[in-house]
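A.B. asks:
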Amino acid sequence: MNLRPAAYHQRLPYGERVSPEPLLGGPFFAFDGDVQVVPLAEPVLPEPPRAGEEGGQPCPTCTGPESLAIWGDERWVLKAGLEPTGLPIVALLVPREHYRLDTLPPELLTELGPMIQRVAGAIRRIDGVGRTHFSRFGDGNDHFHIWFLARPVGMMQLRGPLLSVWGDILPPVPDEEFEANARTVATALAEVSGRPLGVAAG
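So the sequence shown is numbered by this note's numbering: it starts at 25 and just counts up by one.
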C-alpha cells in the first residue's frame with residue numbers, strides 16, 4: 025500500500041471549501057438553499073486501522089455474530105436495525121467467517137451474486153418498496169459486508185446515491201413497522217435456506 029501522497033493528493037485544495045455547484049439543482053440532490061462544502065481535510069497516512077484489523081477495535085460481527093441479525097444460514101447473516109432510519113429497511117449482508125473482499129474463498133464468491141439477488145428480491149416484498157439499492161463501503165469494518173437500502177415506491181426524489189442520506193433525514197420508521205418489514209425479508213430468504221433471527225423470528 026502506498027503510504028505517501030500521490031499526484032492525486034498533491035493537486036487538491038486542502039483547507040478550502042470546494043464548490044457544491046455540480047450537485048446543486050440536480051434531480052437527486054437532497055438539499056436546497058445556501059449549501060457549503062466542509063473544508064477539505066489533509067490525508068491521514070498511514071490510515072487508522074479499521075475494526076477487525078490489527079490495532080483497531082474488535083470486529084463487531086465476530087464478537088456478536090448474530091447481533092442485530094434478522095436472518096442467517098450456515099455461511100451468511102443479514103443484519104438490520106443498526107440505527108433508526110427513515111427507509112423501510114437498511115440491511116447488511118455479511119459472511120459468518122471473517123473475510124475481506126480480496127480474501128473471500130471461491131465458494132463464497134460463487135454464492136455472492138445469488139445472495140445479492142435473493143436479498144434484493146426479499147426486500148422488494150416489503151409493502152411500499154419500489155427498488156432495492158445495494159452498495160459496498162469498507163471503511164469502517166474489515167469484515168466484508170454489503171449494504172442494502174429499500175427505496176419507497178413512487179419516491180422518485182430518493183433515487184440515486186443520496187438514498188442513504190434520505191434515510192438519515194426522513195422520520196424514522198416505527199419499531200413495529202420495522203419488525204414487520206424484517207419478518208417479511210427473513211421469511212422470504214428462509215424459503216430457500218436459513219432461518220429468521222432476532223426480531224424477525226418472533
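For each residue, glycine too, the CB sits at the ideal point set by N, CA and C.
Bear in mind the structure is a predicted one, so any value in this text is a computation, not a measurement.
From what residue to what residue does the alpha helix (DSSP H) around His33 run?
C.D. replies: Element bounds for His33: Ala31 to Gln34.
A.B. asks: Can you give me the C-alpha to C-alpha distance between Leu213 and Val223, rounded to a whole angstrom?
C.D. replies: Those two C-alpha atoms are separated by around 15 Å.
A.B. asks: Between Ser217, Arg155 and Pro176, which has its C-alpha nearest Val197's C-alpha?
C.D. replies: Out of Ser217, Arg155 and Pro176, Pro176 has the C-alpha closest to the C-alpha of Val197.
A.B. asks: Would you kindly work out how many angstroms separate the C-alpha atoms of Thr249 and Leu125, rounded to a whole number?
C.D. replies: One cannot answer for residue 249 here, as it falls past the ends of the chain, which runs 25 to 226.
A.B. asks: May I ask which residues mark the beginning and end of the beta strand (DSSP E) holding Ile170?
C.D. replies: Looking at the DSSP string, the run of the beta strand (DSSP E) that includes Ile170 is Ile170 to Pro176.
A.B. asks: Note down, in chain order, each residue of its chain lying with its Cβ closer than 7 Å to the Cβ of Phe161, except the 5 sequence neighbours on either side.
C.D. replies: Correct list, in chain order: Trp171.
A.B. asks: Could you name each continuous alpha helix (DSSP H) segment of 4 residues or more that falls completely within the stretch 116-175, going from the start of the chain to the end?
C.D. replies: DSSP runs (the alpha helix (DSSP H)) wholly in the stretch 116-175: 130-148.
A.B. asks: Return the CA-CA distance between Ala54 and Thr109, expressed in angstroms with no decimal places.
C.D. replies: The straight-line gap from Cα to Cα measures roughly 16 Å.
A.B. asks: Out of Pro67, Gly137 and Val42, which one is the CA nearest neighbour of Ala31?
C.D. replies: Checked all of Pro67, Gly137 and Val42; the closest Cα to Ala31 is Pro67.
A.B. asks: For Gly79, which residues of its own chain have a beta-carbon under 6 Å away from its beta-carbon, when the five flanking residues on both sides are left out?
C.D. replies: If we look at Gly79 and ignore the five residues flanking it on each side, its Cβ neighbours are Pro73.
A.B. asks: When you compare the stretch 56-67 with the stretch 187-202, are there three or more beta-carbon pairs, one atom per stretch, that lie closer than 8 Å?
C.D. replies: Verdict: no, contact absent.
A.B. asks: Do Trp95 and Pro119 count as a contact pair if the criterion is CB distance below 9 Å?
C.D. replies: Not in contact: Pro119 and Trp95 (Cβ atoms no closer than 9 Å).
A.B. asks: Count the other CB atoms, across all protein chains shown, that sit within 10 Å of the CB of Gly152; report buried if there are 16 or more and exposed otherwise.
C.D. replies: It counts as exposed.
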